[in-house]
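Trainee: Heads up: the protein sequence lines correspond to chains A and B, in order.
Everything in the first sequence is counted per the UniProt record's numbering, starting at 1 for the first residue and increasing by one.
Everything in the second sequence is counted per the UniProt record's numbering, starting at 1 for the first residue and increasing by one.
Each residue gets a CB set at the ideal place from its N, CA and C atoms; glycine is no exception.
What you are looking at is a predicted structure, and each value in this text was computed from that prediction instead of being measured.
Would you mind keeping the following structure in view while I ask a few things?
Protein chains: 2
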Amino acid sequence: MSNQDCEPLPEGLTAEKAAELSTMFKALGDPVRLRLLSMIASRPGGEVCVCELTPAFDLSQPTISHHLKLLRQAGLVGSERRGTWVYYRLRPETTARMAAALSCVNDRHAVTA
Amino acid sequence: MSNQDCEPLPEGLTAEKAAELSTMFKALGDPVRLRLLSMIASRPGGEVCVCELTPAFDLSQPTISHHLKLLRQAGLVGSERRGTWVYYRLRPETTARMAAALSCVNDRHAVTA
DNA sequence: AGCCAGTATTGACGTATGTCGAACCAGGAC
DNA sequence: GTCCTGGTTCGACATACGTCAATACTGGCT
């Protein structure tokens, strides 16, 4: 993505855009959720069953479920039930938006080179 | 950055890396801090005086100072005092690291196309 | 020195967040 | 139908977070 995606922004992000973006960043502001997203994304098939995610942590299963819910509400992942199991999948549009926002910041700083 | 920057990660980020990265994401998980970073970055000169940042918000001066401190502790900005005023500057290495992490997530998903 | 403007720190407050156990829901197997 | 397994939701708890007013610090000016 080029810095053409950046808005004019004479004084930075609008309050509305900042509020929207900050919810996505907040969702990744927890080590457990960051690892969850990483584990989900690192599957080439793009889908991971909750039963594979839970045992990777020293946390109760409800806690993992809660973190997955937050990731879903932030638009970072989607979930689908198939039979007994629930599968989570990455939403690449959202991570792409976050990466684009960060690139804007760096482009504007003009130290990208 | 290409997906060569991604680690082998058979099962996602390590707990240590996740903890380190999550503090950066958490720092941007607040709309005020996101706007602050955006305002700092959008200065071509790369420096903004605190006295220019504070009046842009309906918040007390100590609150803005607190948010700037968090941004600094997360490695996202640096500060320098010159005379009476304190100037904040972007640390592009940190935002670049965050963008790289997000790109890894998308690359691994193989839906980047 | 003494004062003043710009920042940072402190202490307190209410709210949000992460975690758990317990209870609840969904589907498959019997 | 009754179980059992995999997940979510509920309620409670301790901690962390965002905010403020008050205070302290810093450096220039007179």
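1) Does the CB of residue 38 (chain B) have a neighbour CB from chain A at under 8 Å?
2) Is there a Cβ of chain A sitting closer than 8 Å to that of residue 42 (chain B), yes or no?
3) Assuming residue 115 (chain B) contacts residue 35 (chain A) under a Cβ cut-off of 8 Å, what Cβ separation, rounded to an integer in Å, is found between them?
4) Taking 8 Å as the CB-CB cut-off, is residue 75 (chain A) touching chain B?
5) Considering only residues of the same chain and omitting the five flanking positions on each side of residue 112 (chain B), which have a CB-CB separation below 6 Å?
6) When the distance is taken between beta carbons, is residue 68 (chain A) closer than 8 Å to residue 87 (chain A)?
7) Which ranges does the beta strand (DSSP E) cover as unbroken runs of at least 3 residues, wholly within the UniProt domain "HTH arsR-type" (13 to 110) of chain B, from first to last along the chain?
8) Contact between the region 51 to 61 of chain A and the region 12 to 27 of chain A is defined here as three or more beta-carbon pairs at a separation below 8 Å; is this criterion met?
9) Are the CB atoms of residue 18 (chain B) and residue 31 (chain A) within a distance shorter than 8 Å?
10) Which whole-angstrom value is the C-beta distance of residue 42 (chain A) and residue 91 (chain B), which I expect to be below 8 Å?
11) Are any of the Cβ atoms in chain B nearer than 8 Å to that of residue 95 (chain A)?
12) What's the call for residue 84 (chain B), buried or exposed, on a 16-neighbour Cβ count within 10 Å?
13) Verify whether the separation of the beta carbon atoms of residue 13 (chain A) and residue 65 (chain B) is less than 8 Å.
14) Spell out whether any CB of chain A is found under 8 Å from the CB atom of residue 13 (chain B).
15) When you compare the CB of residue 29 (chain A) with every CB in chain B, is at least one pair closer than 8 Å?
16) Interface residues of chain A around residue 86 (chain B) at Cβ under 9 Å?
17) Check the Cβ-Cβ distances between residue 26 (chain B) and every residue of chain A, and say whether any is below 8 Å.
18) Can you give me the C-alpha to C-alpha distance between residue 20 (chain B) and residue 52 (chain B), rounded to a whole angstrom?
19) Who are the Cβ neighbours of residue 46 (chain A) in its own chain at under 6 Å, not counting the five residues just before and after it?
20) Report, in whole angstroms, the separation of the C-beta atoms of residue 70 (chain B) and residue 33 (chain B), which I expect to be a contact under 8 Å.
21) Just the chain A side, please: which residues come within less than 8 Å of residue 34 (chain B) by C-beta, in chain order?
Mentor: Let me spell this out:
1) yes
2) yes
3) Past the boundaries of the shown model lies residue 115 (chain B); chain B is included only from 1 to 113, so the question cannot be answered.
4) no
5) With a pLDDT of 48 at residue 112 (chain B), under the threshold of 50, the predicted position of this residue should be treated as unreliable, and no value is reported.
6) no
7) Counting only runs of 3 or more, we get 47 to 49, 77 to 82 and 85 to 90.
8) no
9) yes
10) Contact doesn't hold; Cβ gap of about 28 Å is too wide.
11) yes
12) exposed
13) no
14) yes
15) yes
16) Those do not exist, as residue 86 (chain B) stays about 18 Å from chain A at its closest Cβ, beyond 9 Å.
17) yes
18) 30 Å
19) 89
20) 6 Å
21) 13, 18, 21, 22 and 25
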